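If you're matching positions, the sequence shown starts at 4 in my numbering and goes up one per residue.
Each residue gets a CB set at the ideal place from its N, CA and C atoms; glycine is no exception.
Quick caveat, the model's predicted, so the values are computed rather than measured.
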Amino acid sequence: MRKAWMISCLVCHLLGGFVLALVFWPLFSKAIKEGIERRFARRLLSILNVQVRVVYETPESNYAIHKPCLLYSTHVSWLDIFAFNSVHPVTFIAKSEISKWPIGGLLAKRSGTLFIERGKRHAVRDVIHAAVGVLKTGRCVAVFPEGTTGEGKAPLHFHSNFVQPAIQANVSLLPVSLQYFTPDGKFSDQPAFVGEQTLLENIQVLLNSRDGFVVQLHIHAPMDTTGRTRHDLSDEAHARIAALCSMTAGVSSV
Numbered sequence: 004m005r006k007a008w009m010i011s012c013l014v015c016h017l018l019g020g021f022v023l024a025l026v027f028w029p030l031f032s033k034a035i036k037e038g039i040e041r042r043f044a045r046r047l048l049s050i051l052n053v054q055v056r057v058v059y060e061t062p063e064s065n066y067a068i069h070k071p072c073l074l075y076s077t078h079v080s081w082l083d084i085f086a087f088n089s090v091h092p093v094t095f096i097a098k099s100e101i102s103k104w105p106i107g108g109l110l111a112k113r114s115g116t117l118f119i120e121r122g123k124r125h126a127v128r129d130v131i132h133a134a135v136g137v138l139k140t141g142r143c144v145a146v147f148p149e150g151t152t153g154e155g156k157a158p159l160h161f162h163s164n165f166v167q168p169a170i171q172a173n174v175s176l177l178p179v180s181l182q183y184f185t186p187d188g189k190f191s192d193q194p195a196f197v198g199e200q201t202l203l204e205n206i207q208v209l210l211n212s213r214d215g216f217v218v219q220l221h222i223h224a225p226m227d228t229t230g231r232t233r234h235d236l237s238d239e240a241h242a243r244i245a246a247l248c249s250m251t252a253g254v255s256s257v
């Protein structure tokens, strides 16, 4: 009964968001759009019984106040985007495959997601240029430099070219350690959307969890990009995230 109710709520929520994005989105102001993005993300996470916990390492780590900035985060699940947007909406850099997802693709397009067209010669250069343009409007941009999802125990290899928007726009780089936990504080890799798992199979994992999960965004202190190379910045961000993950994932896990 509980699972059937969650599924019906999820379907209704997604369909409602689809109609809103398809028909009414162009009519809304920037402020209204951001409010809708935030409420949509919070409701989606609530339906799936996923709480968001934000840890700001310094007051300047609060990207909702100290913006624009480039959020440089580890990537575990398709829910990660909604976790960020539930705190404060940002523009994401994402792979073009997401634009083809039913319902989710339209929602991503309407929210201004910058898609990387794989196979195109200048794809990365073009998306970096677009990200710089967004940053100059005062809106934060988020990127997952691993280029794929992992379990969250430790960061995978970072592609340093995704630091470039922060350098060119002369804004701070904010490393983010994103991980999932059980409500009692134990690290969990169950929500991870990895391997050959389909989106529906991942949603099933979330629906089958009676206690739900907590997604933690540990936002590290901002890094000044002035006079630094993208390799140097990316390596330091990776080291900060790796150190945090080793402490949280290594204590206890399920």
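field: Residue range of the alpha helix (DSSP H) that includes residue 36
entry: 33-50
Straight-line gap, residue 190 to residue 30 (C-alpha atoms, nearest Å): Cα atoms of residue 190 and residue 30: separation of roughly 42 Å, rounded to the nearest angstrom.
- prompt: Which of the three DSSP states, helix, strand or coil, is assigned to residue 180?
  reply: Annotated three-state conformation of residue 180 is strand, per DSSP.
task: Might you give, ordered along the chain, the residues of its own chain that have their beta carbon closer than 7 Å to the beta carbon of residue 150, omitting 5 neighbours on each side?
output: Excluding positions up to five away in sequence, the list reads 162.
- prompt: Pairing CB atoms from the region 159-177 with CB atoms from the region 68-75, are three or more of them under 8 Å?
  reply: yes
task: Output the boundary residues of the alpha helix (DSSP H) element that contains residue 167.
output: 167-172
Runs of beta strand (DSSP E) lying entirely within the region 88-120, each at least 3 residues, in chain order: DSSP runs (the beta strand (DSSP E)) wholly in the region 88-120: 94-98 and 117-119.
query: Which one of 193, 222 and 114 has the shortest CA to CA distance from residue 32?
result: 114
message: Using only CA atoms, which one of 164, 90 and 250 lies nearest to residue 48?
response: 90
- prompt: For residue 233, which of 148, 45 and 204 has the nearest alpha-carbon?
  reply: 148
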